[in-house]
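Chemist: Numbering (full-length UniProt numbering), first residue to last: 1 to 185. Handing you this structure, nothing more for now.
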């Protein structure tokens with residue numbers, strides 16, 4: 001029972017950090033990163049299909065994404081999906097591939113993205129603290145039901161706090177790395 005509470009709490013805290021890292025990978029920092037296209041859905045024969053299932057995405061240059069469709073007939077639909085997405089990118093279709101040139105970020109847009117990173121990091125910290133609260137409540141319930149002794153409960157609470165501190169530190173590190181990436185010209 002006691003081991004299960006800690007394991008579950010650590011697992012949920014780790015998932016909060018992973019979700020933040022995944023979310024921040026989609027924020028473009030003025031360099032080409034295929035993950036910014038992760039959410040693009042293409043209308044392919046009437047069915048919404050993720051772009052990565054219809055084409056390969058490569059990075060031939062620092063600020064260029066090259067999209068090579070597996071089926072050339074999907075080229076027009078891929079182009080339309082990129083236009084319709086909220087990425088703010090203009091695809092250049094040459095008949096066989098699509099080039100996406102990632103524009104350099106302005107100082108103002110870098111600062112706005114840095115604020116977004118801080119906001120996302122704060123949401124991840126809230127998720128970690130919610131997991132901590134749930135774990136502490138589980139420990140108190142187990143103590144009340146005499147499933148744990150006072151000493152075991154105190155030890156578990158310390159373990160939960162250590163896991164929380166580590167998870168918050170990891171979230172801060174992920175956010176700081178992304179901010180540094182954004183603010184570096």
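Just so it is clear, CB atoms sit at the ideal spot from N, CA and C, and this is done for glycine as well. In this text the structure is predicted, and so the values were computed from the model without any measurement.
Taking residue 16 and residue 175 to be in contact with their CB atoms under 8 Å, please state how far apart those CB atoms are, rounded to whole angstroms.
Modeler: Not quite, the Cβ-Cβ distance comes to about 12 Å (not below 8 Å), so this is no contact.
Chemist: Could you pull the DSSP bridge partners for residue 44 from this structure?
Modeler: Answer by DSSP bridge pairing, in chain order: 47.
Chemist: Are there 16 or more other CB atoms within 10 angstroms of the CB of residue 120, so buried, or fewer, so exposed?
Modeler: It is buried - the Cβ of residue 120 has at least 16 other Cβ atoms within 10 Å.
Chemist: Looking at residue 71: is its Cβ nearer than 8 Å to the Cβ of residue 51?
Modeler: Cβ distance not < 8 Å, so residue 71 and residue 51 don't count as in contact.
Chemist: The beta strand (DSSP E) with residue 61 in it runs from where to where?
Modeler: Unbroken beta strand (DSSP E) run through residue 61: 55–61.
Chemist: Among the candidates 9, 111 and 65, whose CA atom is the shortest distance from the CA of residue 181?
Modeler: Checking every option, the nearest Cα to that of residue 181 belongs to 111.
Chemist: With contact counted as at least three CB pairs below 8 Å, one residue from each stretch, are the stretch 93–110 and the stretch 121–132 in contact?
Modeler: Taking 8 Å as the limit for Cβ pairs, the verdict is that the stretch 121–132 does not touch the stretch 93–110.
Chemist: Which class does residue 129 belong to by DSSP, given the choice of helix, strand or coil?
Modeler: Helix, per DSSP.
Chemist: Output the boundary residues of the beta strand (DSSP E) element that contains residue 101.
Modeler: Residue 101 -> beta strand (DSSP E) spans 98–101.
Chemist: Output the distance between the C-alpha atoms of residue 87 and residue 40, rounded to the nearest integer angstrom.
Modeler: Rounded to whole angstroms, residue 87 to residue 40 spans 9 Å at the Cα level.
Chemist: In whole angstroms, give me the CA-to-CA distance for residue 67 and residue 97.
Modeler: One C-alpha to the other measures close to 6 Å.
Chemist: Are there 16 or more other CB atoms within 10 angstroms of the CB of residue 126, so buried, or fewer, so exposed?
Modeler: By the neighbour-count rule (16 or more Cβ atoms within 10 Å), residue 126 is not buried but exposed.
Chemist: Closest to residue 21 by CA distance: which of 113, 177 and 184 is it?
Modeler: The shortest Cα separation from residue 21 among 113, 177 and 184 belongs to 177.
Chemist: Can you confirm whether residue 129, when its beta carbon is compared against all beta carbons of chain C, has any partner nearer than 8 Å?
Modeler: The structure shown contains no chain C, having only a single protein chain.
Chemist: I'd like the span of the alpha helix (DSSP H) that includes residue 182, first residue to last.
Modeler: Taken as a continuous stretch (DSSP letters only), the alpha helix (DSSP H) holding residue 182 covers 150–183.
Chemist: Whose C-alpha, out of 61, 42 and 85, is nearest the C-alpha of residue 73?
Modeler: If we check each option's Cα against that of residue 73, 42 comes out closest.
Chemist: Following the continuous alpha helix (DSSP H) through residue 81, name the residue where it begins and the one where it ends.
Modeler: From DSSP, the alpha helix (DSSP H) with residue 81 extends over 75–84.
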